[in-house]
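In what follows, a structure is listed as structure tokens, so that the remarks can point back to it.
Numbering (the working numbering), first residue to last: 17 to 326.
Next comes the structure, spelled out in structure tokens:
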């Protein structure tokens, strides 16, 4: 380390240094240096705030949690490897009295639009109709209907939607079908432009959105061309996200969810509600596990009602 760097004042205990090396070794070689630099800045900030110059394992874990909030599972391995093993063991059998699944409605700032929300377009962008993502999405839609909105729900897995082929025809001229590929995406374009609110439900696989979502956003490129984007900008639509994943941690993939919200904003949808479900792993992956969290489903219904009421 550069001795002229402020972080040179940091001194690691042997336990902390071993834990840091273990954390870094779990990542590709090409990312280790940048991750270590980010972590050192956090640790040095801790030092400047009057915390101990010596970096213990406890201080290291606190810095890891502060610096890498989306790496919670990896940080947990540094913190307590045995705890991970215990959780994985607990997920092998469903405990109906104390289930590991948790549905959470995020606290978000209010979003207002000039157009009242009367028509809602919902898309389940996942491979399992009737699965846990779908169950939570249905709760949100139930709330939206209770709020007086008309709801139309689409199942990506039942539609014929091809991946983008990169032809860029949508950039060159205005197409009646929006995209040169003529399939069920044409109807989704129409629904997205016509709706007052758009709700997207999807599972997170291998630390990212599932492939259905990737195809959906690649095809939305057709609405971003110069000939079509004016239609997108004609009005601001409210939006909601329903995302699920396997590990029982409420904010593990916060970054993935926030990125989807960012992409939707580009296409005229301002996300006003986010509902996430965690813990759907092993035995809890079975359809119906989301129904075990009745309080969480009530929050999802409330989110749907709020989306169309405010």
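We put the CB at the ideal spot given by N, CA and C, even for glycine. Given the structure is predicted, the values throughout are model-derived calculations rather than measurements.
For residue i, name the three-state secondary structure that DSSP assigns.
{"i": "residue 148", "result": "helix"}
{"i": "residue 48", "result": "helix"}
{"i": "residue 186", "result": "helix"}
{"i": "residue 126", "result": "coil"}
{"i": "residue 84", "result": "coil"}
{"i": "residue 138", "result": "strand"}
{"i": "residue 69", "result": "coil"}
{"i": "residue 91", "result": "helix"}
{"i": "residue 100", "result": "helix"}
{"i": "residue 31", "result": "helix"}
{"i": "residue 225", "result": "strand"}
{"i": "residue 120", "result": "strand"}
{"i": "residue 159", "result": "helix"}
{"i": "residue 266", "result": "coil"}
{"i": "residue 178", "result": "coil"}
{"i": "residue 26", "result": "coil"}
{"i": "residue 307", "result": "helix"}
{"i": "residue 198", "result": "coil"}
{"i": "residue 77", "result": "helix"}
{"i": "residue 59", "result": "helix"}
{"i": "residue 237", "result": "helix"}
{"i": "residue 191", "result": "coil"}
{"i": "residue 53", "result": "helix"}
{"i": "residue 302", "result": "coil"}
Could you spell out where the alpha helix (DSSP H) holding residue i opens and where it closes?
{"i": "residue 292", "result": "First-last for residue 292: 285 to 294, but that is the beta strand (DSSP E), not the alpha helix (DSSP H)."}
{"i": "residue 248", "result": "245 to 248"}
{"i": "residue 202", "result": "201 to 210"}
{"i": "residue 275", "result": "270 to 282"}
{"i": "residue 42", "result": "Here residue 42 belongs to no alpha helix (DSSP H), and DSSP marks it neither H nor E."}
{"i": "residue 325", "result": "310 to 325"}
Kindly list the residues whose CB is nearer than 6 Å to the CB of residue i, restricted to its own chain and excluding five residues on each side of it in sequence; keep chain order.
{"i": "residue 248", "result": "239, 283 and 284"}
{"i": "residue 88", "result": "265 and 268"}
{"i": "residue 147", "result": "303"}
{"i": "residue 58", "result": "79, 82 and 83"}
{"i": "residue 121", "result": "291, 315 and 319"}
Closest by CA to residue i, which one among the options?
{"i": "residue 85", "options": "216, 272, 158 and 326", "result": "272"}
{"i": "residue 56", "options": "90, 32, 256 and 117", "result": "32"}
{"i": "residue 224", "options": "261, 106 and 42", "result": "261"}
{"i": "residue 123", "options": "185, 137 and 256", "result": "256"}
{"i": "residue 254", "options": "319, 162 and 184", "result": "319"}
{"i": "residue 263", "options": "90, 75, 36 and 38", "result": "90"}
{"i": "residue 149", "options": "325, 301 and 321", "result": "301"}
{"i": "residue 34", "options": "71, 60 and 53", "result": "71"}
{"i": "residue 242", "options": "188, 230, 198 and 275", "result": "188"}
{"i": "residue 214", "options": "322, 135 and 73", "result": "135"}
{"i": "residue 325", "options": "50, 157 and 101", "result": "157"}
{"i": "residue 297", "options": "52, 47, 104 and 75", "result": "104"}
{"i": "residue 209", "options": "159, 47, 113 and 137", "result": "137"}
{"i": "residue 76", "options": "98, 44, 29 and 65", "result": "29"}
{"i": "residue 74", "options": "203, 36 and 236", "result": "36"}
{"i": "residue 280", "options": "232, 202, 322 and 246", "result": "232"}
{"i": "residue 323", "options": "114, 97, 164 and 54", "result": "164"}
{"i": "residue 274", "options": "203, 154 and 216", "result": "216"}
{"i": "residue 42", "options": "65, 92, 61 and 66", "result": "92"}
{"i": "residue 207", "options": "167, 48 and 230", "result": "167"}
What is the residue span of the beta strand (DSSP E) that residue i lies within?
{"i": "residue 217", "result": "213 to 221"}
{"i": "residue 259", "result": "253 to 260"}
{"i": "residue 170", "result": "166 to 171"}
{"i": "residue 113", "result": "Taken as a continuous stretch (DSSP letters only), residue 113 belongs to no beta strand (DSSP E), as it is neither H nor E."}
Which residues in the same chain have their Cβ closer than 7 Å to the Cβ of residue i, if we skip the five residues on either side of it in sequence?
{"i": "residue 119", "result": "152, 291, 293, 306, 309, 312, 313, 315 and 316"}
{"i": "residue 131", "result": "212 and 251"}
{"i": "residue 299", "result": "107, 108, 109 and 110"}
{"i": "residue 244", "result": "186, 190, 194 and 238"}
{"i": "residue 234", "result": "179 and 180"}
{"i": "residue 39", "result": "80, 90 and 94"}
{"i": "residue 126", "result": "326"}
Could you name the residues of the same chain whose beta carbon sits closer than 8 Å to that of residue i, not counting the 5 residues immediately before and after it, in chain order?
{"i": "residue 226", "result": "141, 142, 143, 218, 219 and 220"}
{"i": "residue 145", "result": "171, 173 and 174"}
{"i": "residue 129", "result": "212, 251, 252, 253, 254 and 286"}
{"i": "residue 69", "result": "25, 26, 27 and 63"}
{"i": "residue 183", "result": "196"}
Please report whether the beta-carbon of residue i lies at a distance below 7 Å from any beta-carbon of chain D.
{"i": "residue 80", "result": "Among the protein chains of the structure shown there is no chain D, as only one such chain exists."}
Are the region 191 to 202 and the region 268 to 275 in contact at 8 Å, needing three or more beta carbon pairs? Because the criterion of three Cβ pairs below 8 Å is not met, the region 191 to 202 and the region 268 to 275 do not touch.
Does the region 285 to 300 touch the region 172 to 187, meaning 3 or more C-beta pairs lie closer than 8 Å? Contact annotation: the region 172 to 187 does not touch the region 285 to 300, with fewer than three C-beta pairs closer than 8 Å.
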